[in-house]
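If you read the protein sequences in the order shown, they are chains A and B. Going by the UniProt record's numbering, the first sequence opens with residue 1, and the numbers climb by one from there. Going by the UniProt record's numbering, the second sequence opens with residue 1, and the numbers climb by one from there. Take a look at the structure below.
2 protein chains.
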Amino acid sequence: MVEKQLKDRIIETALTLFEKYGYHGVTVDRIVAECGASKGGFYHNFKSKDELLYHIHDVFITYVLNKAQEAYVKYKTPTKRLCAIIRSFVRVFHIYKPHITVFNQEAAYLKPEYAEKINEKRERYKQIIFQVLREGIEAKQFRAELSVELAGLSIIGMVNWMYKWYKPDGPMSIEQIAAAFNDLILHSLLTEEAKRDEDISSFLLSRVGDE
Amino acid sequence: MVEKQLKDRIIETALTLFEKYGYHGVTVDRIVAECGASKGGFYHNFKSKDELLYHIHDVFITYVLNKAQEAYVKYKTPTKRLCAIIRSFVRVFHIYKPHITVFNQEAAYLKPEYAEKINEKRERYKQIIFQVLREGIEAKQFRAELSVELAGLSIIGMVNWMYKWYKPDGPMSIEQIAAAFNDLILHSLLTEEAKRDEDISSFLLSRVGDE
DNA sequence: GCATACAGACCAACTAGTCGGTTTGTAATA
DNA sequence: TATTACAAACCGACTAGTTGGTCTGTATGC
Numbered sequence: 001m002v003e004k005q006l007k008d009r010i011i012e013t014a015l016t017l018f019e020k021y022g023y024h025g026v027t028v029d030r031i032v033a034e035c036g037a038s039k040g041g042f043y044h045n046f047k048s049k050d051e052l053l054y055h056i057h058d059v060f061i062t063y064v065l066n067k068a069q070e071a072y073v074k075y076k077t078p079t080k081r082l083c084a085i086i087r088s089f090v091r092v093f094h095i096y097k098p099h100i101t102v103f104n105q106e107a108a109y110l111k112p113e114y115a116e117k118i119n120e121k122r123e124r125y126k127q128i129i130f131q132v133l134r135e136g137i138e139a140k141q142f143r144a145e146l147s148v149e150l151a152g153l154s155i156i157g158m159v160n161w162m163y164k165w166y167k168p169d170g171p172m173s174i175e176q177i178a179a180a181f182n183d184l185i186l187h188s189l190l191t192e193e194a195k196r197d198e199d200i201s202s203f204l205l206s207r208v209g210d211e
Numbered sequence: 001m002v003e004k005q006l007k008d009r010i011i012e013t014a015l016t017l018f019e020k021y022g023y024h025g026v027t028v029d030r031i032v033a034e035c036g037a038s039k040g041g042f043y044h045n046f047k048s049k050d051e052l053l054y055h056i057h058d059v060f061i062t063y064v065l066n067k068a069q070e071a072y073v074k075y076k077t078p079t080k081r082l083c084a085i086i087r088s089f090v091r092v093f094h095i096y097k098p099h100i101t102v103f104n105q106e107a108a109y110l111k112p113e114y115a116e117k118i119n120e121k122r123e124r125y126k127q128i129i130f131q132v133l134r135e136g137i138e139a140k141q142f143r144a145e146l147s148v149e150l151a152g153l154s155i156i157g158m159v160n161w162m163y164k165w166y167k168p169d170g171p172m173s174i175e176q177i178a179a180a181f182n183d184l185i186l187h188s189l190l191t192e193e194a195k196r197d198e199d200i201s202s203f204l205l206s207r208v209g210d211e
């Protein structure tokens with residue numbers, strides 16, 4: 001029970017292959033061949049190929065959900081909470097890029113019983129963001145005319161879309177991307193008063209008053 | 001050559017099925033059964049299942065690329081151009097939601113020769129957006145400190161992500177969504193001076209000066 | 001009579017999953 | 001320490017089912 005060598009190797013190999021060729025573009029035979037294992041070894045560790053897919057999904061969504069909850073608890077104002085959540089969300093791409101790609105590309109192929117569990121967590125994640133946005137509007141930090149749903153889905157969309165273009169060795173560091181996203185998002189959410197607040201505008205790339 | 005009855009029926013059926021079950025979750029047999037055709041009919045109209053997938057991709061990207069170019073030509077200022085492009089982009093979801101879902105989900109499974117053609121158009125689309133953003137910065141309508149790439153990819157991401165949540169019969173009309181997106185995007189891009197410009201701020205949900 | 005449009009039985013290839021067997025680790029016993 | 005006992009980890013040939021694609025045949029229009 002202490003050794004998980006093979007299981008981890010299978011996951012890692014599968015992740016790399018799934019990211020490149022898609023879930024259906026990779027056979028179990030190929031996975032085991034590529035990581036020097038066998039069919040038997042695979043099915044000793046996983047009930048099915050579907051379970052492997054579920055495992056990959058679950059590792060990622062569980063991690064990112066925890067991070068969001070931590071960020072929510074750690075900070076006390078809507079703006080700080082939102083920025084922290086987004087930063088953590090963006091950061092995840094540094095470690096879990098293949099997971100996220102599989103998560104966003106192959107979720108449709110999850111077996112119903114697995115899909116349900118994943119969707120439940122995905123929904124909770126969304127609700128955290130909606131919650132922060134609502135709090136921000138109530139606190140007059142975010143504009144009142146915003147649609148919480150639309151703003152939330154926009155944020156989730158722009159960050160998630162990173163899986164299509166983010167390269168860990170690209171010209172921008174993950175922290176730069178996170179900062180740029182926060183800048184864009186806050187500019188679109190903040191009220192004029194909030195932008196003049198020193199404490200809040202520290203998350204912007206350039207202060208409003210600078211010009 | 002005038003009658004395309006069957007071909008269109010096949011595409012329509014395939015689209016519905018692909019959207020729901022994914023490309024690999026739908027067999028050719030199922031497609032032809034569901035639209036009252038036959039294997040022979042299918043392979044008379046398409047060289048292969050892959051070609052059908054390519055066709056779906058091409059119809060959508062060709063359409064949306066044209067719309068963006070039209071919008072670019074029709075308007076003369078960066079802000080107007082951007083808003084028109086985004087509006088047209090969002091509107092497409094009304095007609096082509098299944099196409100877009102397939103486009104965003106199954107592109108990885110395109111055969112290399114097909115993938116190349118699609119990517120070329122996808123790239124051109126991206127470049128139009130980047131171009132407008134650059135023009136906006138030069139014209140001092142958009143903030144100078146923005147990263148054109150990041151801002152562009154954010155926009156593309158937030159709109160494309162609609163395929164995950166947009167329901168044609170949802171509570172918001174497509175025009176409302178387009179307006180809300182434009183509002184969010186402009187707030188994140190515009191300079192303070194530009195926001196004070198009557199002509200430009202007409203694209204915002206609420207004028208800056210209102211409060 | 002000839003091409004186009006379509007039908008449907010058929011095939012070859014592929015793939016997830018199985019199953020009997022082997023190796024490896026480990027703990028109890030002598 | 002050596003030996004036995006047992007279970008978990010792992011192997012790989014095999015299978016049963018599925019799927020994209022073919023091929024022969026038919027009907028319809030020009």
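Cβ coordinates follow ideal geometry from the N, Cα and C atoms, glycine included. All values derive from a computational prediction rather than experimental measurement.
Residue i versus residue j: straight-line alpha-carbon distance, rounded
i: alanine 37 of chain A; j: alanine 115 of chain A; result: 28 Å
i: glutamate 12 of chain A; j: isoleucine 86 of chain A; result: 26 Å
i: isoleucine 137 of chain A; j: leucine 150 of chain A; result: 14 Å
i: isoleucine 95 of chain A; j: glycine 40 of chain B; result: 48 Å
i: tyrosine 23 of chain A; j: tyrosine 23 of chain B; result: 12 Å
i: alanine 84 of chain B; j: isoleucine 56 of chain A; result: 40 Å
i: alanine 178 of chain B; j: tyrosine 63 of chain A; result: 33 Å
i: valine 208 of chain B; j: leucine 82 of chain B; result: Note that valine 208 of chain B scores 37 on pLDDT, short of 50, meaning its location in the model is unreliable; the coordinates nonetheless yield the value given after this. Their Cα atoms are separated by approximately 20 Å.
i: alanine 144 of chain A; j: serine 188 of chain A; result: 12 Å
i: aspartate 29 of chain B; j: arginine 9 of chain B; result: 14 Å
i: valine 167 of chain B; j: cysteine 35 of chain A; result: A quick correction: the sequence has lysine, not valine, at residue 167 of chain B. Going from the Cα of lysine 167 of chain B to the Cα of cysteine 35 of chain A covers about 42 Å.
i: methionine 1 of chain A; j: isoleucine 174 of chain B; result: Since pLDDT at methionine 1 of chain A reaches only 33, below the 50 mark, its modelled position is unreliable, and the value read off the structure follows with that caveat. Near 54 Å, if we compare the C-alpha coordinates of isoleucine 174 of chain B and methionine 1 of chain A.
i: serine 201 of chain B; j: glycine 170 of chain A; result: 35 Å
i: glutamate 198 of chain B; j: glutamate 113 of chain A; result: 54 Å
i: residue 227 of chain A; j: glutamate 19 of chain B; result: The structure shown does not extend to residue 227 of chain A, since chain A is modelled only from 1 through 211, so no value can be given for it.
Residue of the options minimising C-alpha distance to residue i
i: alanine 68 of chain A; options: A:Glu149, A:Asp199 and A:Ser88; result: A:Ser88
i: leucine 190 of chain B; options: B:Lys97, B:Gly157 and B:Lys80; result: B:Lys80
i: valine 92 of chain A; options: A:Gln105, A:Lys76 and A:Ile61; result: A:Ile61
i: tyrosine 109 of chain A; options: B:Leu133, B:Leu110 and B:Gln105; result: B:Gln105
i: valine 90 of chain B; options: B:Val159, B:Pro171 and B:Arg196; result: B:Val159
i: lysine 195 of chain A; options: A:Lys140, A:Val132 and A:Lys167; result: A:Lys140
i: leucine 17 of chain A; options: A:Gln176, A:Leu52, A:Lys47 and A:Tyr43; result: A:Leu52
i: valine 132 of chain B; options: B:Ser202, B:Ala33, B:Pro168 and B:Tyr72; result: B:Tyr72
i: lysine 142 of chain B; options: B:Glu175, B:Pro78, B:Lys167 and B:Asp199; result: Position check: residue 142 of chain B holds phenylalanine in this sequence, whereas lysine was assumed. When only C-alpha atoms are compared, the closest one is B:Pro78.
i: leucine 153 of chain B; options: B:Met172, B:Phe130 and B:Asp197; result: B:Phe130
i: glutamine 127 of chain A; options: A:Asp197, A:Ile185 and A:Ile155; result: A:Ile155
i: tyrosine 21 of chain B; options: B:Gln176, B:Leu186 and B:Val102; result: B:Val102
Cutoff 6 Å; reference residue i; Cβ partners in own chain excluding five residues on either side
i: aspartate 183 of chain B; result: Leu204 and Leu205
i: methionine 162 of chain A; result: Phe93
i: aspartate 50 of chain B; result: Lys111
8 Å Cβ cutoff, residue i in contact with chain A
i: glutamine 131 of chain B; result: no
i: phenylalanine 181 of chain B; result: yes
i: asparagine 160 of chain B; result: yes
i: histidine 24 of chain B; result: yes
i: glutamine 127 of chain B; result: no
i: histidine 94 of chain B; result: no
i: glutamine 141 of chain B; result: no
i: arginine 207 of chain B; result: Here the model assigns arginine 207 of chain B a pLDDT of 42, short of 50, so the residue's position is not dependable, and the following value carries that caveat. Judged by the 8 Å Cβ criterion, arginine 207 of chain B is not in contact with chain A.
i: alanine 33 of chain B; result: no
i: leucine 65 of chain B; result: no
i: tyrosine 43 of chain B; result: no
i: tyrosine 109 of chain B; result: yes
i: alanine 178 of chain B; result: no
i: glutamine 105 of chain B; result: yes
i: alanine 14 of chain B; result: no
i: aspartate 197 of chain B; result: no
i: leucine 53 of chain B; result: no
Cβ neighbours of residue i in the same chain (closer than 7 Å, five flanking residues each side left out)
i: proline 59 of chain A; result: Before going on, a small fix: residue 59 of chain A reads as valine here, not proline. His99, listed in sequence order.
i: leucine 65 of chain B; result: Lys121, Arg124 and Tyr125
i: leucine 6 of chain A; result: Ala37, Gly41 and Asn45
i: valine 32 of chain B; result: Ser38, Lys39, Gly41 and Phe42
Neighbour flag for residue i against chain B, beta carbons, 8 Å
i: serine 154 of chain A; result: yes
i: glutamate 145 of chain A; result: yes
i: histidine 187 of chain A; result: yes
i: tyrosine 114 of chain A; result: no
i: alanine 157 of chain A; result: Reading off the sequence, residue 157 of chain A comes out as glycine, not alanine. Glycine 157 of chain A counts as touching chain B.
i: leucine 150 of chain A; result: yes
Spatial neighbours of residue i in its chain, beta-carbon cut-off 8 Å, leaving aside the 5 residues before and after
i: isoleucine 118 of chain A; result: Tyr54, His57, Asp58, Ile61, Ala107 and Leu110
i: phenylalanine 181 of chain B; result: Ile86, Val90, Met158 and Val159
i: arginine 134 of chain B; result: Val148
i: alanine 14 of chain A; result: Val26, Ile31, Leu52 and Ile56
Heavy atom of the ligand NAD within 7 Å of residue i beta-carbon
i: phenylalanine 89 of chain A; result: No copy of the ligand NAD appears in this structure; indeed no ligand is present at all.
task = Give, in chain order, every unbroken run of the beta strand (DSSP E) that is at least 3 residues long and sits entirely within the region 60-147 of chain B.
result = none
query = Along the chain, which unbroken stretches of the alpha helix (DSSP H) at least 4 residues long are found entirely within the region 157-207 of chain B?
reply = 174-189, 192-196 and 198-201
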